[in-house]
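What follows is one structure encoded as structure tokens, with my remarks underneath.
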Amino acid sequence: MFEDIFYDGLFGCLLGQVHGNNGVFTLLMALGVLTSIVFPYLLGSVNSGIVLSKIFYHEDIRTQGSGNAGATNMLRTYGKKMGIMTFVCDFVKGCLGVVIGRLMFGLLGSYIGGLFCVLGHIFPCYYKFKGGKGVATSAGMVLMTNWKVLLVLVVIFALLVYMTKYISFGSIMVYLLYPLLLSKMKAPTDPSIAILIAFTITIIGVVMHRKNLKRIFDGTESKVSFNVKDKPTSVEPEISLPEEDTDAGEEQK
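First residue of the sequence shown: 1, per this note's numbering; consecutive thereafter.
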């Protein structure tokens, strides 16, 4: 039973039990797709950068630096620790979005869930639809749907960032390469809509980096430095010395 749910999803299993009832079949199909959209989107809308910046610094990362609620801006604003924590949380979120989609509607649900988890990260309903750019969340999705593609993209990303020092340029290039690599490395069991979803993520990712692309061409884009220091999460209280008792001092003279 649990093995069937893992491969076909809850609603996929229910569809297999429906015979000759087109109304119920259509309803279950719609519910399978809907749950693969709603739950991952709500999960994706929990933005790690916004949450962490408020917990540790009582600030909104969207008011700092580039104004983006992603790992790169967290790195530049608060240091390596916050940048890594944000990336990991967003990455795991993308993985969970795929898992939820798969449990709901099998392989098709996994790609739908991953896509809408990324959309939730970029356009979070909890934060007035202003979130991050979806790189880490997209990486989590790619890991859970086709880890071989992610492995190639990570190598390309690392080389590009090392050579150019532009995280944004590396992100744009892997977005562009994702659907091309997936089309070459797609598993036979992957749904046909997988390539369409990959192209959708590419378009959204590139559009979200359009300002970075313009700054790269203008030569004004900030280069990444991994030597940034962590910003302290608290300020040490000032120690005030007691005022000298002048009367007592006069008596001692």
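Ideal Cβ positions, reconstructed from N, Cα and C, are used throughout, including at glycine. No experiment lies behind these values; they were computed from the predicted model shown.
Problem - Euclidean distance between Cα positions of E238 and P232 - result: The predicted position of E238 is uncertain, since its pLDDT is 43 and thus under 50; a value taken from the coordinates is nonetheless stated next. So the two alpha carbons sit approximately 15 Å from each other.
Practice task
Please name the residue, chosen from K211, F217 and I216, that lies closest to G67 on a Cα-to-Cα basis.
Solution key: For the residues K211, F217 and I216, the minimum Cα distance to G67 belongs to K211.
Practice task
With a 10 Å radius around its C-beta and 16 neighbouring C-beta atoms as the bar for buried, classify K214 as buried or exposed.
Solution key: exposed
Exercise for the section: State the DSSP-derived secondary structure class of F123, mapped to helix, strand or coil. Expected result: Residue state, collapsed to three classes: coil.
Exercise for the section: Out of G70, L42, V118 and L43, point me to the one whose CA is closest to L52's CA. Expected result: G70
Handout entry: Beta-carbon proximity list for P40, same chain, < 6 Å, skipping 5 on both sides
Key = G97, I100, G101, G113, F116 and C117
Handout entry: Residue range of the alpha helix (DSSP H) that includes I193
Key = I193 to M208
Exercise for the section: Evaluate N22 with the Cβ neighbour count: other Cβ atoms within 10 Å of its Cβ, from every protein chain shown; 16 or more gives buried, anything less gives exposed. Expected result: Exposure of N22 is indicated by the presence of fewer than 16 other C-beta atoms within 10 angstroms of its C-beta.
Exercise for the section: Would you please state the rounded distance, in angstroms, between the beta carbons of G94 and M29? I believe it to be under 8 Å. Expected result: Not really, about 25 Å apart at Cβ, beyond 8 Å.
Practice task
Please confirm whether I201 and Y178 have their CB atoms less than 8 Å apart.
Solution key: Yes; because the gap between Cβ atoms is below 8 Å, this pair is in contact.
Problem - Extent of the continuous alpha helix (DSSP H) run through V18 - result: Per DSSP, V18 belongs to no alpha helix (DSSP H) and is neither H nor E.
Exercise for the section: Provide the residue span of the alpha helix (DSSP H) that contains N47, from first to last. Expected result: Where N47 is concerned, there is no enclosing alpha helix (DSSP H), given that its DSSP letter is neither H nor E.
Handout entry: Same chain only: Cβ atoms within 6 Å of S36, ignoring 5 sequence neighbours per side
Key = G101, M104, F105, G109, I112 and G113
Exercise for the section: Report the residue from V154, V38, V174 and G32 whose alpha carbon sits nearest the alpha carbon of L119. Expected result: V38
Practice task
Using the Cα positions of Q252 and L75, report the straight-line distance between them to the nearest angstrom.
Solution key: For Q252, the predicted model reports a pLDDT of 46, less than 50, meaning its position is unreliable; a value from the coordinates is still stated below. Spanning the two alpha carbons is a distance of roughly 58 Å.
Problem - Where G106 falls: helix, strand or coil (DSSP) - result: helix
Exercise for the section: Report the residue from G9, F123 and Y78 whose alpha carbon sits nearest the alpha carbon of G65. Expected result: Y78
Handout entry: Span separating the alpha-carbon of F11 from that of H19
Key = 14 Å
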